[in-house]
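**Student:** Here full-length UniProt numbering is used: the first residue of the sequence shown is 5, the next is one more, and so on. C-beta: ideal position from N, C-alpha, C; glycine also. Before I ask anything, here is the structure I am working with.
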Amino acid sequence: RSYTIAVLPGDGIGLEVMPPALRCLEAAAARFGFQLEFRSYPWASCTYYLEHGKMLPDDWKAHLQACDAIYFGAVGDPATVPDHISLWGSILTFRREFDQYINLRPCRLIPGVTSPLANREGKPIDFVTVRENTEGEYSSIGGKIFEGTDRETVIQNTVFTRTGVDRVVRYAFELARRRPAKKLTSATKSNGISITMPYWDERVAEIGKEYPEVTVEKYHIDILCAHFVQRPHTFDVVVGSNLFGDILSDLGPACTGTIGIAPSANLNPSANRADRTKEWFPSLFEPVHGSAPDIAGKGIANPIGMIWAGQMMLDYLGEKDAAEAVMRAIESVLATAKDAQMKGGADLLTPDMRGKGTTEGLGSAIEKEIRG
Ligand code: NAI
Ligand code: MG
């Protein structure tokens, strides 16, 4: 078995967390007997933009479509390039062009990481947010009128298509059906956003009829945020539009201690590489976090979000045993690290996890654990 992976480290800490993550994936490949061919590209970064005046080369699509999956670090350098240029010119372009309509973000409290939330009745936090990834509030439809006058007006339309809503909601139900708790929470705001959100609710109710075994609940986004903080242990699968899903998938990991460990998969579940009659749309795996300019260059970024995203990529490629081993390695290193920290030994935990560790130290420990 052999897989070709497009590697796009991007900017800031993306460049720092990528090398240890690649070593972890190589360790898993060596142990479980498959090959990974990494093709690294400098584009989809602000550095590339400053040199070329664009985020991507003209033939970017062909490069990425030649690969089985895309492994992406983080993009953004707001001090030199405005965020809407760097993000829309890279990650948002990939999501759209490859129709990666599912953004899957697992959220788990892993023993060893301290959650800021104490009141969980000792129960684990373990849920997944499913974010719509191609339309909704992140549409490019709209504009500015009466510019420069006191009637200046900006409009950006929200777009929900039946196909777009149904496919993400159905994916979330399918996921919920396969999990032990079989519960789906839908994020809405149909009390304030009176056209698009009631439509979202309607589609959730309609598709829910096909899944009588799944318990469905819906909350307005504002109170749902409060529930995430007050009782994160009660969620299982949470589905939301592009904007609501984005907000919830940063809030969720924050409830588990740090966004530095959170992974994310941008999936096109309909694409099939073996089907030569259709264009191949690769899926993309990345940490939830951005380029973190405030800590970039210090060597203290948490590499686990990047490694865990790689774990999701192995799972997606069908390397289930390798994926399992990477997850076990993350868990065992974190648990041991917490223990060692409390006993005054070497501290592997990075500062976002209340430690003094480094990207390199933590990454290497996980790599070693994967090698077995
Ligand atoms: P951010 O995720 O880069 O950072 C938010 C906070 O979390 C910062 O204090 C940072 O130090 C901390 N943090 C993030 N990842 C960490 C890690 N692995 N270890 C330890 N601490 C970590 O979000 P921010 O500051 O809003 O955005 C910075 C840049 O990243 C912007 O240009 C933004 O547009 C971009 N961005 C890119 C994303 C992507 O590539 N998919 C996603 C989110 C933001
Ligand atoms: Mg976000």
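Quick one, which of S49, S119, E41, L247 has its alpha-carbon nearest D356's?
**Tutor:** The residue you call residue 356 lines up with position 352 of the sequence shown. Looking at the Cα atoms, S119 is the closest of the given residues.
**Student:** Would you say Y306 touches ligand 1, meaning its beta carbon is less than 6 Å from a heavy atom?
**Tutor:** For this step, residue 306 is matched to residue 302 along the sequence shown. Reading off the sequence shown, one finds Asn at residue 306, where the question assumed Tyr. N306: yes, Cβ under 6 Å from ligand 1.
**Student:** Is there at least one non-hydrogen atom of ligand 1 closer than 6 Å to the beta-carbon of H293?
**Tutor:** Here residue 293 refers to the residue found at position 289 when the sequence shown is read from its first residue. Correct: H293 has its Cβ closer than 6 Å to ligand 1.
**Student:** Can you tell me whether H88 is buried or exposed? The criterion is at least 16 other CB atoms within 10 Å of its CB, across all chains shown.
**Tutor:** Residue 88 sits at position 84 when you count from the first residue of the sequence shown. H88 is exposed by the Cβ-count criterion.
**Student:** Give the C-beta separation of A73 and M59 to the nearest angstrom, bearing in mind that I take them to be a contact with Cβ-Cβ under 8 Å.
**Tutor:** Reading the sequence shown from its first residue, position 69 is the one you call residue 73. Reading the sequence shown from its first residue, position 55 is the one you call residue 59. A73 to M59, Cβ: 20 Å. No contact.
**Student:** Taking 6 Å as the cut-off, is the C-beta of A296 nearer than that to any heavy atom in ligand 1?
**Tutor:** For the purposes of this step, residue 296 is taken as residue 292 along the sequence shown, with counting starting at 1. Distances between the C-beta of A296 and the heavy atoms of ligand 1 include at least one below 6 Å.
**Student:** Check whether the segment 257-268 touches the segment 143-155, counting contact only when three or more Cβ pairs, one atom from each stretch, lie closer than 8 Å.
**Tutor:** no
**Student:** Which of the three DSSP states is assigned to N246 in this structure?
**Tutor:** Position 242 of the sequence shown, counted from the start, is the residue given in the question as residue 246. N246 falls in the helix class under three-state DSSP.
**Student:** Just checking my contact of L352 with V330 at CB under 8 Å: how many whole Å lie between their CB atoms?
**Tutor:** Counting from 1 along the sequence shown, the entry for residue 352 is found at position 348. Counting from 1 along the sequence shown, the entry for residue 330 is found at position 326. Wrong, their Cβ atoms sit about 17 Å apart, outside the cutoff.
**Student:** Is any heavy atom of ligand 1 found at a distance shorter than 6 Å from the C-beta of I299?
**Tutor:** Locating residue 299 in the sequence shown gives position 295, where the first residue counts as 1. Result yes, Cβ under 6 Å from ligand 1.
**Student:** Got a sec: does ligand 1 put a non-hydrogen atom nearer than 6 Å to the Cβ of P24?
**Tutor:** In the sequence shown, counting from the first residue as 1, residue 24 sits at position 20. No - ligand 1 has no heavy atom lying nearer than 6 Å to the Cβ of P24.
**Student:** Please report the distance separating the alpha-carbon of R27 from that of V132.
**Tutor:** Taking the sequence shown and counting its residues from 1, one reaches residue 27 at position 23. Taking the sequence shown and counting its residues from 1, one reaches residue 132 at position 128. Distance between the alpha carbons of R27 and V132 is about 27 Å.
**Student:** DSSP puts F131 in a beta bridge; with which residues?
**Tutor:** As a first step, residue 131 is located in the sequence shown; it is residue number 127 there, counting from the start. Answer by DSSP bridge pairing, in chain order: C111.
**Student:** Give the range of the beta strand (DSSP E) segment to which Y75 is assigned.
**Tutor:** Your numbering for residue 75 matches position 71 in the sequence shown. Counting along the chain, the beta strand (DSSP E) containing Y75 begins and ends at 73-78.
**Student:** Leaving aside the five residues before and after L228 along the sequence, list all residues of the same chain whose C-beta is less than 6 Å from its C-beta, in chain order.
**Tutor:** For the purposes of this step, residue 228 is identified with residue 224 of the sequence shown, where counting begins at 1. Cβ within range, chain order: A191.
**Student:** Counting along the chain, where does the alpha helix (DSSP H) carrying Y320 start and finish?
**Tutor:** Against the sequence shown, residue 320 aligns to sequence position 316. Segment 308-321, the alpha helix (DSSP H) holding Y320.
**Student:** My parser needs the alpha helix (DSSP H) runs of 4 or more residues fully inside the segment 175-247; what are they?
**Tutor:** Given a length threshold of 4 residues, each whole run of the alpha helix (DSSP H) inside the segment 175-247 is given here in chain order: 200-212, 225-234.
**Student:** What's the gap between the Cα of P184 and the Cα of N306?
**Tutor:** Within the sequence shown, the letter at position 180 stands for residue 184. Within the sequence shown, the letter at position 302 stands for residue 306. CA-to-CA, the gap between P184 and N306 works out to about 30 Å.
**Student:** Can you check which of these residues, L188, N161, T84, is closest to A209 by C-alpha distance?
**Tutor:** In the sequence shown, counting from the first residue as 1, residue 209 sits at position 205. The shortest Cα separation from A209 among L188, N161, T84 belongs to L188.
**Student:** Suppose you measure from the CA of R35 to the CA of A327; what does that come to, to the nearest Å?
**Tutor:** Indexing the sequence shown from 1 puts residue 35 at position 31. Indexing the sequence shown from 1 puts residue 327 at position 323. Taking the straight line from one Cα to the other gives about 11 Å.
**Student:** Go ahead and label D63 buried or exposed: buried means 16 or more other beta carbons lie within 10 angstroms of its beta carbon, across all protein chains shown.
**Tutor:** Along the sequence shown, read from residue 1 onward, the residue named residue 63 stands at position 59. Exposed is the call here.
**Student:** At a threshold of 6 Å, does P82 count as lining ligand 1 (C-beta to nearest heavy atom)?
**Tutor:** On the sequence shown, residue 82 is found 78 positions in, with the first residue counted as 1. P82 Cβ: within cutoff of ligand 1.
**Student:** When every heavy atom of ligand 1 is checked, does at least one fall within less than 6 Å of the C-beta of G212?
**Tutor:** Residue mapping note: residue 212 aligns to position 208 of the sequence shown, counting from 1. The answer is no for G212.
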